[in-house]
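In terms of my numbering, the sequence shown opens at residue 82 and continues consecutively.
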Amino acid sequence: MSDTYVNIGEILHSLRVYKGLEINELADNICSVEELALIEKNKQDPTIDQLFRFAEKLNVKLGDFFDLASAGSVNYVSAVSDLIKKYKRERNYYAINEIVQREKENPLFNFPSSRQFLLWHEAICLYYLSESEQRDKEYSIQMLNEAINITNPLGKGLTEREIEIKMAVALIEKDAQNFETAITILKEILEDMDTLPGLTDSHVRLRALFGLSQSLSRIGKYEESLVYSEKGIEQCINDEVLYLLGEFLYQAGLNYENVGDLIMGREYFTKSLQVFDLQKNEILGNIVKADLENLSKL
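Encoded structure:
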């Protein structure tokens with residue numbers, strides 16, 4: 082079997098069952114039943130033409146078929162979850178919402194953890210896809226709390242995923258400029274993380290630290306914000322990751338500038354620019370350049 086189609090049989094089988102098609106119905110006018118049985122067992126690769134016709138009969142996009150097949154997961158549910166995570170990293174909420182709406186009634190997603198995952202992402206799509214003045218913050222947060230309740234009705238001893246959902250609440254509050262509320266939740270989240278034996282995704286803590294640093298700056302608590310910026314920088318260095326490193330350096334620079342330490346502000350802005358240049362992030366790089374130019378005039 083080729084690496085490209087490592088999951089195609091499982092995905093094809095799951096979609097066929099979900100759509101309520103018998104194996105002979107899906108195979109009709111595409112291939113023999115015996116051939117489809119081999120494909121579903123990952124013992125034979127389908128041709129591109131067969132894949133196109135399968136996708137057409139199953140009413141899914143061929144592009145989604147390839148994305149799911151290359152997600153590196155062992156089954157359809159985890160492949161869909163990986164695809165949603167990929168779109169979330171890209172902030173492509175339209176694509177996430179399309180998948181969520183398609184899979185909501187899928188019996189494969191009836192297990193509590195799967196329903197929780199879809200509800201979590203439906204809530205953030207509802208919020209971020211709405212126009213600013215039409216966003217129903219309270220309803221989105223209610224959905225997120227319901228998602229946590231699926232696996233943890235008491236809301237105590239949160240798992241890593243439940244912490245991530247709780248962080249979505251904090252980030253919505255931050256986006257709505259309810260900074261004090263966001264700060265309270267994010268500090269709780271850091272305490273929640275400390276009760277876990279470890280995190281499978283170290284980025285979760287970095288996101289909490291960055292959200293906290295940003296929120297504290299927005300209410301003028303620059304020195305406290307700087308504490309969390311430095312914690313984020315230290316973790317990025319210890320974990321040997323660039324994720325949010327440029328943003329933490331920039332946030333620290335802003336904090337130093339706001340407390341009147343222009344030398345340190347310039348130093349951190351320069352470091353953040355180096356990271357953004359390395360990442361080819363022109364948008365954030367240009368913001369830092371403008372701040373450095375303004376500092377040079379002082």
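Where is the CB? At the ideal position from N, CA and C, for every residue including glycine.
Predicted model only: the values in this text are computed from it and were never measured.
Residue i, enclosing alpha helix (DSSP H) - first and last residue
i	result
G313	Y303 to D320
P278	Note, P278: premise wrong, no alpha helix (DSSP H); not H, not E.
N375	E363 to S377
S294	H284 to R299
I89	I89 to K100
E103	Premise fails: E103 is in no alpha helix (DSSP H) and is neither H nor E.
V114	V114 to E121
K138	I129 to L139
Nearest-angstrom Cβ-Cβ length linking residue i and residue j, presumed shorter than 8 Å
i	j	result
K247	I270	6 Å
S195	V158	6 Å
F135	I104	Actually they are not in contact, since the Cβ atoms of F135 and I104 sit about 12 Å apart, beyond 8 Å.
F357	I300	With a Cβ gap of about 26 Å, F357 and I300 do not count as contacting.
L267	L293	4 Å
L354	K370	7 Å
L210	Y174	5 Å
Selected residue, minimal CA-CA separation from residue i, among the options
i	options	result
M345	A333, L210 and L293	A333
N226	K378, E243 and T276	E243
E121	V98, E245 and Q355	V98
E304	N336, L323 and E321	N336
G90	K100, N110, L119 and S113	L119
E363	L379, E338 and G327	G327
G279	I111, E241, E171 and Q215	E241
S55	Q360, K361 and T351	Not covered by the structure: residue 55. The range shown for the chain is 82 to 379.
L189	Y174, E272 and G101	G101
N123	E137, E106, S95 and L139	S95
A79	Q223, V250, G301 and D320	Outside the shown range of the chain, which is 82 to 379, sits residue 79, and nothing can be said about it.
M224	V181, L207 and K185	L207
I205	S113, K218 and L132	K218
G236	D273, Y209, Y220 and K268	D273
Q182	F192, L199, D372 and N173	L199
G238	D275, T262 and S211	D275
L297	T262, E115 and A160	T262
F72	D342, H202, L93 and P193	One cannot answer for residue 72 here, as it falls past the ends of the chain, which runs 82 to 379.
Residue-level contact to chain D via CB, residue i, 8 Å cutoff
i	result
L354	The structure shown contains no chain D; it holds only a single protein chain.
Residue i Cβ short of 7 Å to the ligand FAD heavy atom set
i	result
G313	Questions concerning the ligand FAD fall outside what the structure shown contains, since it holds no ligand whatsoever.
Open item on the list: Across the stretch 230-240 and the stretch 253-265, are there enough close Cβ pairs to call them in contact, namely three or more that are closer than 8 Å?
Closed with: no
Task: Touching by the beta-carbon criterion (3+ pairs, under 8 Å), the stretch 160-179 and the stretch 119-128 - done: no
Open item on the list: With three or more beta-carbon pairs closer than 8 Å as the criterion, would you say the stretch 323-332 touches the stretch 301-314?
Closed with: yes
TODO: Please go through the stretch 145-225 and give each complete alpha helix (DSSP H) segment of 4 or more residues, from N-terminal end onward.
DONE: 157-170, 174-184 and 193-209
Task: Three or more C-beta pairs below 8 Å linking the stretch 315-331 and the stretch 278-286 - done: yes
Open item on the list: Ignoring anything shorter than 4 residues, give me the alpha helix (DSSP H) runs that lie fully in the stretch 220-258, in order along the chain.
Closed with: 241-256
TODO: Ignoring anything shorter than 3 residues or poking outside the stretch 317-358, list the beta strand (DSSP E) runs there in chain order.
DONE: none
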